[in-house]
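Visitor:
In mature numbering (1 follows the signal peptide of the UniProt record, and there is no 0), the protein residues as written are -47 to -1, 1 to 448.
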């Protein structure tokens, strides 16, 4: 979550004012969280059984479209994809792969067919409101039952079948993740971080930011997150921590099989992140400097070279579209009037968000955006030269960035402004996220044995990437949620 303006971390007076979770309160809060999470498991097996029964009865064939499978291979014309329950059982082409009896055939003629998209940097507890203090003081009690489920279904209907939720209260995050997994509510497959781990929490953010008070405290908090069921650790302000504290967080996360995502707002954050071995950087920096310093570039190049031999790639989620498109939004705020972001939200919530963004050119949050925008092309070029592997992510949910719009906007900017090849950007939103999260055996490509997470659009996305702004077909786990551009309301309701 990156305030375009100054990010509160920039103010040293802010740091240390409040501990994220005080040492005295942490054990009690953790006990309450674990009791809450234990309660969530009641009935989960029954819900999973019901979901399995529904999947077992469904056999679908997607026939005729051009398949872009996520591997980067030459697209397959006139493709045939067989789905049995929630799994892809065969992939081929007309004339080579027959559709067996008993399959429901869905025509994808004239369409490009892709793996379900990933949003790699979302905040489900946010829905575009511009006033964070107001939002976080008004809506915490609605996160788990209104706000985050609404964000989830909006992402799903935009073709996002997997999402990384990077920063939210632990109980709400785990609750929404498990309810999606159980089939109680619709949404993408969630990979959650729970609260940020950082030097100290900023005032008023203690519910979703945990401060670190020494190396052992850092290890203890990572263990608590791991035991609660998070999928990844999010580390910010690592340059404000001692080296021992930051290293302890990363080492403990890796001990539990969790990768570490870190902010890269300042050169110092990047240096410290590389020193301690983080796996994935987020953002392109808060500064208005024209590029990354030479020493940072040298460190990045050395890390990516090492990663090709051992340790895996260095991943980077640049989140550039919010900065790049800000001027376009101010000049033409009609996109803010889209109703896709209303789905799942109560009328008073919608009205509150509308009021907060009624003057898009006057938001304090975006004060420095015009100065940061000119740095983006050069920074992206530097990162490409250094050899990082990009992931598509947007900071979805921050002011004026709605979950139903953000991901395709990012892909459009990466292709049509930053000059990345369309196939590379598609892989950054499909295959590479599954590799980063260690789940490429299940998701990320349209291939035999993978879960049936598939989207399709009319037209040629390799020439016109922004066709993804209107996804015509969405399947997640073999269930069709959008067909011929229309939402399949019964699929959303049949939980």
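Even glycine gets a Cβ: it sits at the ideal position worked out from N, Cα and C.
Fair warning: this is a prediction, and the values are worked out from it, not measured in the lab.
(1) Cβ of residue 93 within 8 Å of Cβ of residue 140?
(2) Could you give the distance in angstroms between the alpha-carbon of residue 238 and the alpha-carbon of residue 70?
(3) Here's the rule I'm using: 16 or more other beta-carbon atoms within 10 Å means buried, otherwise exposed. How should residue 90 be labelled?
(4) My parser needs the beta strand (DSSP E) runs of 3 or more residues fully inside the stretch 125 to 212; what are they?
(5) Cα separation between residue 340 and residue 269?
(6) Suppose contacts are defined by Cβ-Cβ distances below 8 Å. Is residue 198 in contact with residue 168 by that definition?
(7) Leaving out five residues on either side along the sequence, give the residues of the same chain with a beta carbon under 6 Å from the beta carbon of residue 328.
(8) For residue 293, count neighbouring Cβ atoms within 10 angstroms of its own Cβ and tell me buried if that reaches 16, exposed if not.
(9) Please list, in chain order, all residues of the same chain as residue 183 whose beta carbon is under 8 Å from its beta carbon, the five residues on each side excluded.
(10) Expressed to the nearest angstrom, what Euclidean distance is found between the alpha-carbon atoms of residue 384 and residue 364?
(11) For a test of the three-state rule: what should DSSP assign to residue 428, helix, strand or coil?
(12) If you reduce the DSSP assignment to three classes, tell me which class residue 67 lands in.
(13) Hey, how far is the Cα of residue 253 from the Cα of residue 193?
(14) Determine the closest residue to residue 266 out of 382, 296 and 233, with distance taken between C-alpha atoms.
(15) With distance defined between alpha-carbon atoms, name the residue in 39, 19, 67 and 80 nearest to residue 289.
(16) Is residue -1 helix, strand or coil by DSSP?
(17) Buried or exposed, going by whether 16 or more other CB atoms sit within 10 Å of the CB of residue 209?
(18) Does the stretch 414 to 433 come into contact with the stretch 159 to 176, if we say contact requires no fewer than three beta-carbon pairs (one atom in each stretch) closer than 8 Å?
(19) Return the chain-ordered list of same chain residues with a C-beta closer than 8 Å to the C-beta of residue 257, the five sequence neighbours on each side being excluded.
(20) I need the boundaries of the beta strand (DSSP E) containing residue 462, first residue and last residue.
(21) How would you call residue 55, buried or exposed, if buried means at least 16 neighbouring beta carbons within 10 angstroms?
(22) May I ask you to report which of helix, strand or coil DSSP gives residue 270?
(23) Is it buried or exposed for residue 449, if we count other Cβ within 10 angstroms and need 16 for buried?
(24) Less than 6 Å between C-beta atoms, sequence neighbours within five positions excluded: which residues of the same chain meet that for residue 438?
(25) In this structure, how does DSSP classify residue 27 when only helix, strand and coil are distinguished?
(26) Between residue 18 and residue 32, how many whole angstroms is the CB-CB distance? I'm expecting something under 8 Å.
(27) So, residue 454 versus residue 119, is the Cβ gap smaller than 8 Å?
(28) Identify whether residue 381 lies in helix, strand or coil by the three-state DSSP scheme.
(29) Any heavy atom of the ligand NAD closer than 7 Å to the beta-carbon of residue 122?
(30) Using a Cβ distance threshold of 8 Å, determine whether the stretch 428 to 435 contacts the stretch 103 to 111, with at least three qualifying pairs required.
(31) Can you tell me whether residue 195 is buried or exposed? The criterion is at least 16 other CB atoms within 10 Å of its CB, across all chains shown.
(32) Could you check which residue in 200, 353, 337 and 308 has the C-alpha nearest to that of residue 318?
(33) Here's a check: name, in chain order, each residue in its chain whose Cβ is nearer than 6 Å to the Cβ of residue -28, leaving out the five neighbours to either side.
(34) Do residue 228 and residue 217 have their CB atoms nearer than 8 Å?
(35) Just mark residue 215 as buried or exposed, buried being the case when its beta carbon has 16 or more other beta carbons within 10 Å.
(36) Who are residue 450's beta bridge partners in DSSP?
Guide: Looking at the atomic coordinates:
(1) Walking along the chain shown from the start, residue 93 turns up at place 140. Walking along the chain shown from the start, residue 140 turns up at place 187. In this structure, residue 140 does not lie closer than 8 Å to residue 93 by Cβ.
(2) One-based indexing of the chain shown puts residue 238 at position 285. One-based indexing of the chain shown puts residue 70 at position 117. Rounded to whole angstroms, residue 238 to residue 70 spans 25 Å at the Cα level.
(3) Mapped onto the chain shown, residue 90 falls at position 137. Looking at its Cβ environment, which holds fewer than 16 other Cβ atoms inside 10 Å, residue 90 is exposed.
(4) Counting whole runs of 3 or more residues, the stretch 125 to 212 contains the beta strand (DSSP E) stretches 142 to 145, 149 to 151, 162 to 164 and 185 to 188.
(5) Within the chain shown, residue 340 is the residue found at index 387, counting from 1. Within the chain shown, residue 269 is the residue found at index 316, counting from 1. One C-alpha to the other measures close to 10 Å.
(6) Translated into the one-based positions of the chain shown, residue 198 becomes position 245. Translated into the one-based positions of the chain shown, residue 168 becomes position 215. Closer than 8 Å, so yes.
(7) Here residue 328 refers to the residue found at position 375 of the chain shown. Excluding positions up to five away in sequence, the list reads 243.
(8) Position 340 of the chain shown holds residue 293. By the C-beta density criterion, residue 293 is exposed, having fewer than 16 other C-beta atoms within 10 angstroms.
(9) Taking the first residue of the chain shown as 1, we reach residue 183 at position 230. Cβ contact annotation for residue 183 (same chain, cutoff 8 Å, sequence separation greater than five): 123, 126, 127, 145, 146, 147 and 211, in chain order.
(10) Numbered from its first residue, the chain shown carries residue 384 at position 431. Numbered from its first residue, the chain shown carries residue 364 at position 411. About 14 Å.
(11) Within the chain shown, the letter at position 475 stands for residue 428. It is a strand residue.
(12) In the chain shown, residue 67 corresponds to position 114, counting from 1. Looking at residue 67 - three-state DSSP - the assignment turns out to be strand.
(13) Looking up residue 253 in the chain shown gives position 300. Looking up residue 193 in the chain shown gives position 240. Going by the C-alpha atoms only, they are around 20 Å apart.
(14) Residue mapping note: residue 266 aligns to position 313 of the chain shown, counting from 1. Of the candidates 382, 296 and 233, 233 places its Cα closest to the Cα of residue 266.
(15) Walking along the chain shown from the start, residue 289 turns up at place 336. A check of alpha carbon separations from residue 289 across 39, 19, 67 and 80 identifies 80 as the nearest.
(16) As a first step, residue -1 must be located in the chain shown, where it is residue number 47. Caution applies to residue -1, whose pLDDT of 49 falls short of 50 and renders its modelled position unreliable; the value that the coordinates give is listed next. Helix, per DSSP.
(17) Taking the chain shown and counting its residues from 1, one reaches residue 209 at position 256. It counts as exposed.
(18) At 8 Å Cβ cutoff, the stretches do not touch.
(19) Here residue 257 refers to the residue found at position 304 of the chain shown. Closer than 8 Å at Cβ, skipping near neighbours: 266, 267, 339, 340 and 341.
(20) This structure gives no information on residue 462, because the portion of the chain shown stretches from -47 to 448.
(21) The residue labelled residue 55 in the question sits at position 102 within the chain shown. Exposed, since its Cβ has fewer than 16 Cβ neighbours within 10 Å.
(22) Here residue 270 corresponds to residue number 317 of the chain shown, with the count starting at 1. Strand, per DSSP.
(23) With the chain running from -47 to 448 in the structure shown, residue 449 is simply not present.
(24) As a first step, residue 438 is located in the chain shown; it is residue number 485 there, counting from the start. If we look at residue 438 and ignore the five residues flanking it on each side, its Cβ neighbours are 425.
(25) Position 74 of the chain shown, counted from the start, is the residue given in the question as residue 27. It is coil, neither helix nor strand.
(26) In the chain shown, counting from the first residue as 1, residue 18 sits at position 65. In the chain shown, counting from the first residue as 1, residue 32 sits at position 79. Between residue 32 and residue 18 the Cβ distance is about 6 Å, and since that is below 8 Å, they are a contact.
(27) There is simply no residue 454 to check, as the chain begins at -47 and stops at 448 in what is shown.
(28) Numbered from its first residue, the chain shown carries residue 381 at position 428. Note: residue 381 maps to helix in three-state DSSP.
(29) Because no ligand of any kind appears in the structure shown, any question about the ligand NAD cannot be addressed here.
(30) Taking a contact to require three or more Cβ pairs closer than 8 Å, the stretch 428 to 435 and the stretch 103 to 111 qualify as touching.
(31) Position 242 of the chain shown, counted from the first residue, corresponds to residue 195. So residue 195 counts as exposed.
(32) The residue labelled residue 318 in the question sits at position 365 within the chain shown. Its Cα nearest to that of residue 318, the residue 353 stands out among 200, 353, 337 and 308.
(33) As a position in the chain shown, residue -28 is number 20, starting the count at 1. In this prediction, residue -28 scores a pLDDT of 40, lower than 50, which makes its location untrustworthy; no coordinate-derived value is stated.
(34) In the chain shown, residue 228 corresponds to position 275, counting from 1. In the chain shown, residue 217 corresponds to position 264, counting from 1. In this structure, residue 217 does not lie closer than 8 Å to residue 228 by Cβ.
(35) Here residue 215 corresponds to residue number 262 of the chain shown, with the count starting at 1. That one is buried.
(36) The structure shown has nothing for residue 450, since the chain only spans -47 to 448.
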